[in-house]
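So the sequence lines, in the order shown, correspond to chains A and B.
So for the first sequence, my numbering puts the first residue at 110; every next one is plus one.
So for the second sequence, my numbering puts the first residue at 3; every next one is plus one.
Heads up, the thing below is written out as C-alpha cells.
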Amino acid sequence: MRVLSQQLERPDFCSSMMAWLFFLVITLPCAHVAAEDSYLDQLEAESKKLTNRPIPAPEANSASTRVEKSGAGLKKQPTEGKSLIPSPDFKSNLAMVEFENELKNRFLGSFTFYKKLPQPSKEEVYHGYLNGNSIKDTRKIIMSRFLHSR
Amino acid sequence: MVTTKRIKIWFMLVLATVLTSSAIFAAEEEAGDGSKWIGLTANKPYLHVIHSGKTVKVERIQDPNYELRGYFAKTSRQCPPFCLRPMEVDPRVKTVGEIEVFNFIEKQLRTDKGLLVDARTPSWHQKGTIPGSVNYPFTTLSKGIDDLEMEEALEEFGAVKREEVSAFTGWLEDQGFFNGDMKTREWDFSNCKELIIWCNGPACGQSPRAIKGLLDVGYPPQKLFYYRGGMQMWQLFSLTTANPG
Numbered sequence: 110m111r112v113l114s115q116q117l118e119r120p121d122f123c124s125s126m127m128a129w130l131f132f133l134v135i136t137l138p139c140a141h142v143a144a145e146d147s148y149l150d151q152l153e154a155e156s157k158k159l160t161n162r163p164i165p166a167p168e169a170n171s172a173s174t175r176v177e178k179s180g181a182g183l184k185k186q187p188t189e190g191k192s193l194i195p196s197p198d199f200k201s202n203l204a205m206v207e208f209e210n211e212l213k214n215r216f217l218g219s220f221t222f223y224k225k226l227p228q229p230s231k232e233e234v235y236h237g238y239l240n241g242n243s244i245k246d247t248r249k250i251i252m253s254r255f256l257h258s259r
Numbered sequence: 003m004v005t006t007k008r009i010k011i012w013f014m015l016v017l018a019t020v021l022t023s024s025a026i027f028a029a030e031e032e033a034g035d036g037s038k039w040i041g042l043t044a045n046k047p048y049l050h051v052i053h054s055g056k057t058v059k060v061e062r063i064q065d066p067n068y069e070l071r072g073y074f075a076k077t078s079r080q081c082p083p084f085c086l087r088p089m090e091v092d093p094r095v096k097t098v099g100e101i102e103v104f105n106f107i108e109k110q111l112r113t114d115k116g117l118l119v120d121a122r123t124p125s126w127h128q129k130g131t132i133p134g135s136v137n138y139p140f141t142t143l144s145k146g147i148d149d150l151e152m153e154e155a156l157e158e159f160g161a162v163k164r165e166e167v168s169a170f171t172g173w174l175e176d177q178g179f180f181n182g183d184m185k186t187r188e189w190d191f192s193n194c195k196e197l198i199i200w201c202n203g204p205a206c207g208q209s210p211r212a213i214k215g216l217l218d219v220g221y222p223p224q225k226l227f228y229y230r231g232g233m234q235m236w237q238l239f240s241l242t243t244a245n246p247g
C-alpha cells in the first residue's frame with residue numbers, strides 16, 4: 110500500500126497512467142467499430158458466393174414476380190404468356206364492391222365460393238386482382254382459398 | 003310393404019357404409035406413403051402470400067429425390083464469424099420453426115398485424131427471400147433509438163413516438179399502470195406489429211443482432227419471434243423463395 114501511495118505521488122507515474130487511460134478510451138470504441146466493419150466485409154464477401162438465383166416457379170400468378178424454387182438446376186421453366194393485365198372482359202381498377210359485383214355477374218360459381226371466404230382471404234383475392242392477376246388466376250385462388258381455408 | 007321398407011333401409015345402410023369406407027380409404031391413401039402431393043404440412047398443401055404486390059404460391063418441390071445444391075447446401079462456413087448460434091436469442095423472445103412461419107403468414111401477415119422481417123443486408127435479400135418478407139437489415143435495426151433510420155423502422159412496425167411524458171405518468175407506467183410494459187419514455191409500442199425476424203440460418207448472426215437492437219430500444223419481447231432456421235432451412239425443405247428484383 111505504501112509503495113502504491115508513493116507511486117501515486119510521483120507526477121510522471123500519474124501522467125503515464127493518464128496517457129494509458131486516454132489510449133484505452135480512444136482505442137476501445139475504434140476496435141469495436143473495426144470489428145463491426147470486418148463482420149460487414151465478411152458478410153458482403155460471403156454474399157458474393159451466393160450466385161444461385163433460383164428459377165421462377167410455373168405456379169406463380171404473375172410473370173413479373175420472380176417467384177422461385179429454392180436451389181439451382183431445376184428443370185422447371187418460367188411461366189410464359191401470363192398477362193399482368195386483367196382479362197379484357199373484366200374491368201381494371203374496380204373498387205372491391207364493384208369487383209365483387211362483376212364477379213357475381215360474370216362468374217357466379219366462383220362468386221359463390223368467394224362469398225364463403227373469410228374477410229382476409231377476400232381482401233387477398235381483391236388485392237391480387239388489383240395487382241394484375243388475370244381472372245383465371247383470381248378464380249384459381251378463390252378455389253384454393255375455399256378448399257384449403259380452415 | 004313392411005319388407006320393402008326394410009329392404010330400402012338396409013340398402014341405404016349398405017350404401018352409406020360403402021361410401022364412408024371408400025372416403026376413409028381415399029383419405030388414408032392420400033396421407034400415406036402413396037401420397038403424390040408433398041405438402042407444407044399434413045393438412046396444408048400450399049399457401050398463398052402477397053409479395054411485392056403479387057400473389058405468390060408457397061409450396062415444396064414435388065420431387066422426393068430432389069437434393070439441395072448451391073450456397074445453402076454447404077455444411078460449413080468460416081467460424082468466426084459464421085458460427086452456430088444458440089436456439090434462443092434472448093430468454094424473452096420465442097424461437098419459431100417453419101410451421102409457425104406458415105401460420106404467421108396466413109394470420110398475422112394477412113391481417114396486417116405482423117411482418118416477416120428479412121434482417122439480412124440488401125445484397126443477400128436481393129438474391130432471394132422468403133415470400134412475404136420485407137427487408138430491414140440488422141445494420142438499421144441495431145442502431146440507437148435516436149437514429150432516423152431506426153425511427154422510421156419503428157414507425158413502420160406500428161410504434162408511435164410519444165410527446166413528453168411527465169415524471170408522474172412515467173412513474174405510474176414504471177409501476178405497470180397505463181399499459182406501461184408496452185411503453186418507453188420515447189415510444190409507445192402498444193399497437194406495434196408482431197415480427198418474425200430471420201436471416202441465413204442457424205449460423206447467421208444478422209437476425210440475432212436485429213432482435214437485440216429492437217429489444218434495446220424497448221420493443222416488447224412478446225412481439226418478437228426468431229426464426230432460427232432462416233433461409234438455409236427454408237431452402238432445405240424446398241420451399242418457394244421469391245426474388246425481390
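Note that the Cβ used here is the ideal one computed from N, Cα and C, for glycine as well.
Item	Value
Beta-carbon spacing of B/K129, B/N245 below 9 Å	yes
Where the segment 109-126 of chain B meets chain A: residues whose CB sits under 7 Å from a CB there	R112, T113, T123, S125 and W126
Candidates B/G207, B/L156, B/N202 and B/Q208, of which the one nearest B/K185 by Cα	B/L156
Proximal residues of chain A, C-beta to C-beta of B/P47 below 8 Å	H257
Same chain, Cβ closer than 6 Å to B/E102, five either side skipped, listed in chain order	none
The segment 167-186 of chain B contacting the segment 52-62 of chain B, beta-carbon criterion three pairs below 8 Å	no
Unbroken alpha helix (DSSP H) run spanning A/D246, endpoints	I244 to H257
B/Y138: contacting residues in chain A (beta-carbon distance under 7 Å)	Going along chain A, no residue has its Cβ under 7 Å from B/Y138, so there is no contact; the nearest lies around 16 Å.
B/R62, DSSP secondary structure in three states	strand
7 Å Cβ cut-off: residues of chain D touching B/G160	Chain labels in this structure do not include chain D; the protein chains are A and B.
Under 8 Å by beta carbon: chain B residues contacting A/K158	Y73
Contact residues within the segment 220-246 of chain A, judged by C-beta distance below 8 Å to chain B	P229, S230, E232, E233, H236, G237, N240, G241, N242 and D246
Euclidean distance between Cα positions of A/A181 and B/K195	At A/A181 the pLDDT is 36, less than 50, meaning the model places this residue with poor confidence; the figure from the coordinates comes in the next sentence. Each residue's Cα considered, the two are about 34 Å apart.
Short Cβ contact (9 Å threshold) for B/Q237 with B/F74	yes
Cβ-based burial, B/K59 [other Cβ within 10 Å; buried from 16]	buried
C-beta atoms of B/D120 and B/L217 nearer than 9 Å	no
Assigned secondary structure, B/S240 (DSSP; H/G/I helix, E/B strand, else coil)	coil
Beta-carbon proximity check, B/R122 vs B/Q208, cutoff 9 Å	yes
Close beta carbons around B/G232, own chain, < 8 Å, minus the five adjacent residues each side	W200, C201, N202, G203, P204, C206 and S209
Among B/T171, B/P124 and B/V219, nearest to B/M152 - alpha-carbon criterion	B/V219
Residue of A/L217, A/G218, A/Q151 and A/F216 minimising C-alpha distance to B/R79	A/Q151
Continuous beta strand (DSSP E) assignments of at least 3 residues falling wholly in the segment 125-213 of chain B	135-137 and 196-200
Assumed close pair A/L226, A/S219 - CB separation to whole angstroms, cut-off 8 Å	Contact doesn't hold; Cβ gap of about 11 Å is too wide.
Interface partners of A/S201 on chain B, CB under 9 Å	Those do not exist, as A/S201 stays about 15 Å from chain B at its closest Cβ, beyond 9 Å.
Where B/F227 falls: helix, strand or coil (DSSP)	strand
Collapsed DSSP secondary structure at B/I40 in the structure displayed	coil
Residue from A/N240, A/K245, A/S147 and A/D121 whose Cα sits closest to the Cα of B/P82	A/S147
One or two residues paired with A/F239 in a DSSP bridge	The residue asked about is misnamed: residue 239 of chain A is Leu in this sequence, not Phe. Per DSSP, none; premise fails for A/L239.
Best match in B/T57, B/I147, B/K38 and B/K56 for proximity to B/P66 [C-alpha to C-alpha]	B/K38
Under 9 Å by beta carbon: chain A residues contacting B/I52	E233, H236, G237 and N240
Same chain, Cβ closer than 7 Å to B/H127, five either side skipped, listed in chain order	D120, N137 and P246
6 Å Cβ shell around B/S192 - same chain, five flanking residues per side excluded	N181 and M184
Span separating the alpha-carbon of B/E30 from that of B/E100	In this predicted model, B/E30 has a pLDDT of only 43, less than 50, meaning its place in the structure is not dependable enough to derive any value.
CB contact below 9 Å: B/T77 versus chain A	no
Listed by chain order, chain A residues near B/P83 by CB distance under 7 Å	Y148 and Q151
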